[in-house]
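**Q**
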Amino acid sequence: MMICPVPAFFGPFESACQHGPLSIVQSIVSSNNLTPAFLHHGLTRALRSGNIEVARYLLASGAPIVRETPSNIFFVSLEQQIALFGLLTQYGWTPNTPGYYGRTLLPQTVTSLHLLRWFINHGANPNLGVQKTFHDRRGGPDTSSCAALEVAAIRGEVEAVRLILDAGAKIQNGVPLHYAAGARPPGANPHSEHVVPSREFDISRIPVMALLVDRGAQVNQKEESRHMVAQYAIVYAVMAGAVERVKWLLEHGADPHIKGSWGSAAEYARTAGNEEITKVIEEFTHGKV
């Protein structure tokens, strides 16, 4: 097996792509017959470091934008991100350009309203997303995706959800209400421990749930999936230990006795030993809520 030696200029090139100066990058590129792959490596270093001057030069010198190139931009500050994404649009990239398995970047913007607005204003389609079956690594996106809306339902502000809906996201593509109802604190796993979110975290999703229902989400919609899932929004809320969300769903017509793959909300609460939610459901059933 032949191992190609690392050229002496590799270290200085990589360092200059990250930290500058541009003159070193220009000297190395102009003095050597560099491959597109080599130029692309430099481009990824520049993007990760927020060095827009070097990134612009490398793109102009023939560095390609491939499927995972834009994701390097998320390592830098918001202000730099917008400038760098804007630079990529000058070389053929758009917010709808797919990554591997058709993945688009819009779902990664939902926690930053400024960046989310930029993507939407530059044509991001919220109904495009990663392939559900991951069947074609170099293929296009799913055209009936709910990925952006579902991620926003879990992690975004209500304004982020509104922006995505106003951009044309179709609620019927997925189950964003279920995602909002089942949002859990980072690292929490209902299959291994009793999840107890703070009240503040619990109620933080209720404005999102209210908006989704107002826009057409059905509180008793059954989730269709090839995987074993809770299937109903109220069961997701019980699994998340979200007492206030359970109350809200009950008040808006959720059925605590309809059964999904994990049983009904009432059954899951009892099995999990969640006495507070069990009491809420029992009192509601007997007309006390």
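Take the sequence shown: its letters are residues -3 to 285, numbered as in the working numbering. Note that the Cβ used here is the ideal one computed from N, Cα and C, for glycine as well.
Between leucine 74 and the rest of its own chain, which residues show a CB-CB distance below 8 Å, the 5 nearest in sequence each way excluded?
**A** Taken in chain order, the residues that qualify are Ser108, His110 and Leu111.
**Q** Run the CB neighbour count on aspartate 162, radius 10 Å, all protein chains shown included, and call it buried at 16 or more, exposed below.
**A** Counting Cβ neighbours within 10 Å, aspartate 162 comes out exposed, since fewer than 16 surround it.
**Q** Candidates Leu124, Val242, Val2 and Ile48: which alpha carbon is nearest leucine 30's?
**A** With distances taken between Cα atoms, leucine 30 lies closest to Val2.
**Q** So if DSSP puts aspartate 373 in a beta bridge, which residue, or which two residues, is it bridged to?
**A** Only positions -3 to 285 of the chain appear in this structure, which leaves residue 373 out of reach.
**Q** To the nearest whole angstrom, what separates the beta carbons of alanine 265 and isoleucine 273, a pair I think is in contact under 8 Å?
**A** Confirmed, about 4 Å.
**Q** Helix, strand or coil, according to DSSP, for glycine 256 in the structure here?
**A** If DSSP states are grouped into helix, strand and coil, glycine 256 belongs with the strands.
**Q** Whole angstroms is fine: what's the gap from valine 285's alpha carbon to lysine 243's?
**A** Legend: pLDDT at valine 285 = 47, less than 50; position of this residue unreliable, no value from coordinates given.
**Q** According to DSSP, is histidine 248 helix, strand or coil?
**A** The answer is coil: DSSP assigns histidine 248 none of H, G, I, E or B.
**Q** Output the boundary residues of the alpha helix (DSSP H) element that contains arginine 151.
**A** Counting along the chain, the alpha helix (DSSP H) containing arginine 151 begins and ends at 143 to 151.
**Q** Am I right that cysteine 13 and glycine 38 are in contact with their C-beta atoms under 8 Å? What's the rounded C-beta distance?
**A** Contact holds; Cβ gap of about 4 Å.
**Q** By how many angstroms is the C-alpha of glycine 178 removed from the C-alpha of alanine 226?
**A** Spanning the two alpha carbons is a distance of roughly 10 Å.
**Q** Which of the three DSSP states, helix, strand or coil, is assigned to asparagine 29?
**A** Looking at asparagine 29 - three-state DSSP - the assignment turns out to be coil, as it is neither helix nor strand.
**Q** If contacts are defined as beta-carbon pairs under 8 Å, then tyrosine 175 and alanine 149 qualify, I think. What distance do you get, rounded to the angstrom?
**A** That pair is a contact at about 4 Å.
**Q** CA-CA distance, proline 203 and threonine 281?
**A** The alpha-carbon atoms of proline 203 and threonine 281 are separated by roughly 24 Å.
**Q** Looking at C-alpha atoms only, which residue of Arg195, Phe130 and Ser26 is the closest neighbour of arginine 241?
**A** Of Arg195, Phe130 and Ser26, the residue nearest in Cα terms is Arg195.
**Q** Determine the closest residue to isoleucine 167 out of Phe115, Ser26, Leu207 and Ile48, with distance taken between C-alpha atoms.
**A** Comparing Cα positions, the closest option is Leu207.
**Q** Could you check if methionine 224 is buried or exposed, using at least 16 other CB atoms within 10 Å of its CB as the buried criterion?
**A** Counting Cβ neighbours within 10 Å, methionine 224 comes out exposed, since fewer than 16 surround it.
**Q** Identify whether alanine 163 lies in helix, strand or coil by the three-state DSSP scheme.
**A** Looking at alanine 163 - three-state DSSP - the assignment turns out to be coil, as it is neither helix nor strand.
**Q** Over what stretch of residues does the alpha helix (DSSP H) that includes glutamine 77 continue unbroken?
**A** Here the alpha helix (DSSP H) through glutamine 77 covers 74 to 85.
**Q** Under the three-state reduction of DSSP, which class applies to isoleucine 48: helix, strand or coil?
**A** If DSSP states are grouped into helix, strand and coil, isoleucine 48 belongs with the helices.
**Q** In three-state DSSP terms, what is lysine 243?
**A** DSSP places lysine 243 in helix when its eight states are reduced to three.
**Q** Out of curiosity, what's the CA-to-CA distance linking isoleucine 20 and arginine 41?
**A** In a straight line, the C-alpha of isoleucine 20 is about 14 Å away from that of arginine 41.
**Q** Are valine 191 and glycine 237 closer than 9 Å when you measure CB to CB?
**A** Against a cut-off of 9 Å, the Cβ pair of glycine 237 and valine 191 comes out as a contact.
**Q** Indicate the three-state DSSP secondary structure (helix, strand or coil) for glycine 38 in the structure shown.
**A** Helix, per DSSP.
**Q** Since isoleucine 230 is in the alpha helix (DSSP H), which residue starts that stretch and which ends it?
**A** Element bounds for isoleucine 230: 229 to 235.
**Q** Is asparagine 92 helix, strand or coil by DSSP?
**A** Correct three-state label for asparagine 92: coil.
**Q** Relative to the alpha-carbon of glycine 249, which residue among Tyr228, Leu83 and Phe115 has its alpha-carbon at the smallest distance?
**A** The candidate whose alpha carbon is nearest that of glycine 249 is Tyr228.
**Q** Once the 5 residues before and after isoleucine 24 are set aside, which same chain residues still bring their CB inside 6 Å of it?
**A** Correct list, in chain order: Phe5 and Phe9.
**Q** Under a three-way DSSP split, which group does serine 188 fall into?
**A** Note: serine 188 maps to coil in three-state DSSP.
**Q** Suppose the cutoff is 7 Å on Cβ atoms and the five residues either side in sequence are ignored; what does the same chain contact list for proline 286 look like?
**A** In the structure displayed, the chain extends from -3 to 285; residue 286 sits before or after that span and is not available.
**Q** Given this structure, state the Cα-to-Cα distance separating phenylalanine 81 from serine 11, to the nearest angstrom.
**A** Approximately 22 Å, taken between the alpha carbons.
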